[in-house]
Amino acid sequence: MTYHFISTTEVSKETLLSMVKRAIEFSRGAPPQVLEGKTVGIYFRRTSTRTRTAFWTGALRLGAQVVTFGPDDLQVTTGETWSDTARVLSGYLDGFVVRTNDSMAELRELTSQDRMAVVNALTRNEHPTQAIADLTTLTEEFGDLSGIHVLYVGEGNSTAAALAFTLSRIPRARLTILSPRGYGLPAADLEVAARFAAESGGTVEQQYDLDCAPNGVNAVYTSRWQTMGVSKSHPDWQAAFVPYRVTEQLMKRVSGDGTIFMHDLPAVRGGDVDDAVLDGPQSRAFRQAYHKMTGAMAVLDWSIGAENGGSA
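To convert a position in the sequence shown, counted from 1, into my numbering, add 1067.
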């Protein structure tokens, strides 16, 4: 069987945590060849360092063959529909990892078939595989995530959406999003996260006032302000973000015992985060980047592994 991974909202909490557990297992030694005999296609329309390499190397480590496509290699650029492309590729590939940087509509068309698993490697709406890496990093650091408090500082982008959709499923977990006004998480995403949180006893809250930053959080998380290179309409938008840079002072103000710093990378040093934080003792950003690969492996194992047995 194959299982599409388009949004974290479409799989159960148990499945998400199972992927996290699997990712940690993959980090502890030579992984089993669970994808032997499988072929994974990777199509990225935009630049990528971590996610593309994570899926490519992860698939190889699990025993799969990999076929890669450049942004102009598929005939969708000349007018072929995504559904027709999916019908063809599903005869060749077991899994198809796709980064469009646009809406999820194209990925939805790709799921019109059920022979080839489709994995969302980032759309404008959500970055679900990043969330697996994030939860894996947090679990490795803290163990049980029940009651964890994460402070996210910066734009309410696709990474923030995935983090909200997943942390809101954890019992009593708390996510505080601190963004410049006008650049927070969309209301529709907050509503989805609130529904999950109501069931888990957790909290997802959006704040705009820096003076409202909570104290004693377990993790401080930020992301690049210029998400995916998407332009912003206001010509002086960066001025709104400058106060939200993660500095040593901010870390000292909000940290408790064992607080860590996280970043989905790439970072703009001196922009969204200071060097002293990114390279400092609290930073787990580069371990988090490593877990992009173990998380990718867990997603592929669940989606197309010979014994995945996963369920949405």
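Cβ atoms here follow ideal geometry from the backbone N, Cα and C, with glycine treated the same way.
Answer yes if the region 1268-1278 comes into contact with the region 1229-1241, meaning at least three C-beta pairs across the two stretches below 8 Å, and no otherwise. Segments in contact, yes.
Starting from the N-terminal side, write out each stretch of the alpha helix (DSSP H) that is 4 residues or longer and does not extend beyond the region 1243-1329. Complete alpha helix (DSSP H) runs here, min 4: 1254-1267, 1304-1308, 1315-1321.
With a threshold of 8 Å, are at least 3 pairs of Cβ atoms found where one atom belongs to the region 1084-1094 and the other to the region 1321-1336? The region 1084-1094 is not in contact with the region 1321-1336.
For G1249 and G1223, the rounded distance between their alpha carbons: Taking the sequence shown and counting its residues from 1, one reaches residue 1223 at position 156. Taking the sequence shown and counting its residues from 1, one reaches residue 1249 at position 182. CA-CA distance, G1223 to G1249, rounds to 9 Å.
Have a look at V1101 and Q1132 and give me their C-alpha separation to the nearest angstrom. Here residue 1101 refers to the residue found at position 34 when the sequence shown is read from its first residue. Here residue 1132 refers to the residue found at position 65 when the sequence shown is read from its first residue. V1101 and Q1132 have their C-alpha atoms some 12 Å from each other.
Could you work out which residue in S1290, G1325, A1228 is closest to G1337 when comparing CA atoms only? Walking along the sequence shown from the start, residue 1337 turns up at place 270. Between G1337 and the set S1290, G1325, A1228, the nearest pair of CA atoms involves S1290.
Closest to F1136 by CA distance: which of T1167, R1182, I1215, E1077 is it? For the purposes of this step, residue 1136 is taken as the residue at position 69 of the sequence shown. Comparing alpha carbon positions, the residue from T1167, R1182, I1215, E1077 closest to F1136 is T1167.
Of the listed residues D1368, Y1357, I1371, S1370, nearest to T1118 (C-alpha basis): On the sequence shown, position 51 is the one that residue 1118 refers to. Considering only alpha carbons, the answer is Y1357.
Comparing C-alpha positions only, which one of A1260, V1165, A1198, K1299 sits nearest to M1329? Counting from one through the sequence shown, the residue named residue 1329 turns up at place 262. Here the closest residue by C-alpha is A1198.
Using DSSP's beta-bridge definition, name the partner residues of V1220. Within the sequence shown, numbered from 1, the residue matching residue 1220 stands at position 153. Per DSSP, the beta-bridge partners of V1220 are L1245, T1289.
Closer than 6 Å by C-beta to T1314: which residues in its own chain qualify, once you throw out the five before and the five after it? Chain order, please. Walking along the sequence shown from the start, residue 1314 turns up at place 247. These residues qualify, in order along the chain: D1341.
When DSSP labels each residue in this structure, what does F1072 get in the three-state scheme? Position 5 of the sequence shown, counted from the first residue, corresponds to residue 1072. Reduced to three states, the DSSP call for F1072 is strand.
Rounded straight-line distance, which links the Cα of V1134 to that of E1103: What you label residue 1103 is simply residue 36 of the sequence shown in a count that begins at 1. What you label residue 1134 is simply residue 67 of the sequence shown in a count that begins at 1. Near 15 Å, if we compare the C-alpha coordinates of V1134 and E1103.
Considering Cα atoms alone, identify which of F1308, I1215, A1255 is closest to Y1275. Start at 1 with the first residue of the sequence shown, and residue 1275 comes out as number 208. The shortest Cα separation from Y1275 among F1308, I1215, A1255 belongs to F1308.
How long is the line joining the alpha carbons of V1220 and I1244, rounded to whole angstroms? Taking the sequence shown and counting its residues from 1, one reaches residue 1220 at position 153. Taking the sequence shown and counting its residues from 1, one reaches residue 1244 at position 177. Each residue's Cα considered, the two are about 6 Å apart.
Taking just the CA atoms, how far does F1111 sit from D1368? Taking the sequence shown and counting its residues from 1, the one referred to as residue 1368 is at position 301. Taking the sequence shown and counting its residues from 1, the one referred to as residue 1111 is at position 44. Spanning the two alpha carbons is a distance of roughly 20 Å.
In the DSSP assignment, the beta strand (DSSP E) including T1135 goes from what residue to what residue? For the purposes of this step, residue 1135 is taken as residue 68 along the sequence shown, with counting starting at 1. It spans 1132-1136 - the beta strand (DSSP E) in which T1135 sits, taken as one unbroken run.
Exposure label - G1377; buried when at least 16 CB within 10 Å: Taking the first residue of the sequence shown as position 1, residue 1377 is located at position 310. Only weak support exists for where G1377 lies, its pLDDT of 40 falling under 50; the value from the coordinates is given anyway. That one is buried.
So is T1361 buried or exposed if we call it buried at 16+ other beta carbons inside 10 Å? If you number the sequence shown from 1, residue 1361 lands on position 294. Under this definition T1361 is a buried residue.
Inside the region 1129-1217 only - alpha helix (DSSP H) runs reaching at least 4 residues: Fully enclosed alpha helix (DSSP H) runs of no fewer than 4 residues occupy 1149-1156, 1172-1177, 1195-1209 of the region 1129-1217, in order along the chain.
Quick one: Cα of T1120 to Cα of A1365, how far? Against the sequence shown, residue 1120 aligns to sequence position 53. Against the sequence shown, residue 1365 aligns to sequence position 298. Going by the C-alpha atoms only, they are around 15 Å apart.
Beta-ladder partner(s) of S1350, from DSSP: If you number the sequence shown from 1, residue 1350 lands on position 283. Answer is F1328, bridged to S1350.
I need the DSSP call for V1078, collapsed to helix, strand or coil. For the purposes of this step, residue 1078 is taken as the residue at position 11 of the sequence shown. In this structure, V1078 counts as coil in the three-state DSSP scheme.
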